DNA sequence: TGCAAATTTAACAAAATTTTAATAACAACA
DNA sequence: TGTTGTTATTAAAATTTTGTTAAATTTGCA
């Protein structure tokens with residue numbers, strides 16, 4: 195095997211994606227969506243006891259990095275996990291380090 | 195199941211751990227160690243073409259978050275992954291999002 | 001001891017994120 | 001249209017992370 199070249203592009207993309215989930219509230223959001231499926235913004239921020247704007251902000255970050263998807267239904271926007279494996283991964287990273 | 199309570203402590207810990215690997219150079223370091231096993235600081239910074247101090251800094255961050263372990267042998271300090279599953283996780287997070 | 005190699009720390013400006021508050025935009029409906 | 005319920009955007013300040021450079025440690029050995 196040849197000496198693998200550093201692909202800065204891929205590294206940056208991976209880091210950027212990881213940064214998007216490396217935040218306590220965003221991890222909490224992922225956990226919520228994992229157990230509840232689609233949720234609208236209001237139920238998310240009420241459940242997490244954070245400001246509406248903050249929730250919207252975090253949701254947008256997660257969506258822009260491809261972690262979440264959203265679909266508008268009337269007044270509500272429902273968010274949901276794009277890859278359900280994610281919370282398993284988080285759990286693992288968590289457990290792996292005691 | 196009862197409405198799961200938010201455990202800020204755990205969330206912060208998980209986020210902190212994730213932040214430690216959410217950096218392009220640190221992901222590169224993890225990749226290197228995954229394929230090479232134990233490495234000393236010099237071979238790491240030469241391979242990644244970064245300053246020695248920068249490498250040491252990143253290594254310390256990863257170690258302090260429990261991602262790496264280190265063992266001194268004479269003048270050298272050898273670093274190695276504490277959990278080899280990590281790079282698999284990184285790969286997955288990467289692939290999961292195209 | 002004195003020097004060189006390898007690594008760690010410290011310090012600090014620059015850049016990126018978070019937080020917070022206020023405001024704007026959108027959708028449904030009387 | 002005007003009002004209300006939902007969600008999104010913006011802006012500014014506060015906080016964290018980076019990136020760099022220089023100085024300090026630690027170890028082996030002449």
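Protein chains in written order, with the working numbering: chain A, 195 to 292; chain B, 195 to 292.
Note that CB positions come from ideal geometry on N, CA and C, so glycine has one too.
Note that this is a predicted model, so its numbers are computed, not measured.
So what does residue i bridge to, in DSSP terms?
{"i": "residue 274 of chain A", "result": "A/263"}
{"i": "residue 233 of chain B", "result": "B/273"}
Among the residues of its own chain, which have a CB less than 7 Å from the CB of residue i, if the five just before and after it don't count?
{"i": "residue 196 of chain B", "result": "In this predicted model, residue 196 of chain B has a pLDDT of only 45, less than 50, meaning its place in the structure is not dependable; the value taken from the coordinates is given anyway. Around residue 196 of chain B: no qualifying Cβ."}
{"i": "residue 241 of chain A", "result": "226"}
{"i": "residue 333 of chain B", "result": "The displayed coordinates of chain B run from 195 to 292. Any statement about residue 333 of chain B would go beyond what the structure contains."}
Less than 8 Å between the CB atoms is what I'm expecting for residue i and residue j, so what's the real figure, rounded?
{"i": "residue 273 of chain B", "j": "residue 233 of chain B", "result": "6 Å"}
{"i": "residue 209 of chain B", "j": "residue 252 of chain A", "result": "Between residue 252 of chain A and residue 209 of chain B the Cβ distance is about 12 Å, and since that is not below 8 Å, they are no contact."}
Would you verify that the beta carbon of residue i is, or is not, closer than 9 Å to some beta carbon of chain A?
{"i": "residue 209 of chain B", "result": "yes"}
{"i": "residue 266 of chain B", "result": "no"}
{"i": "residue 215 of chain B", "result": "yes"}
{"i": "residue 283 of chain B", "result": "yes"}
{"i": "residue 233 of chain B", "result": "no"}
{"i": "residue 243 of chain B", "result": "yes"}
{"i": "residue 221 of chain B", "result": "yes"}
Compare the C-beta of residue i with all C-beta atoms of chain B and state if any pair is closer than 9 Å.
{"i": "residue 251 of chain A", "result": "no"}
{"i": "residue 206 of chain A", "result": "yes"}
{"i": "residue 248 of chain A", "result": "no"}
{"i": "residue 200 of chain A", "result": "yes"}
By Cβ distance, which residues of its chain are closer than 6 Å to residue i, with the 5 residues on each side in sequence left out?
{"i": "residue 259 of chain A", "result": "211, 214"}
Suppose the cutoff is 8 Å on Cβ atoms and the five residues either side in sequence are ignored; what does the same chain contact list for residue i look like?
{"i": "residue 236 of chain A", "result": "246, 270"}
Could you give the DSSP three-state label for residue i: helix, strand or coil?
{"i": "residue 225 of chain B", "result": "helix"}
{"i": "residue 244 of chain A", "result": "coil"}
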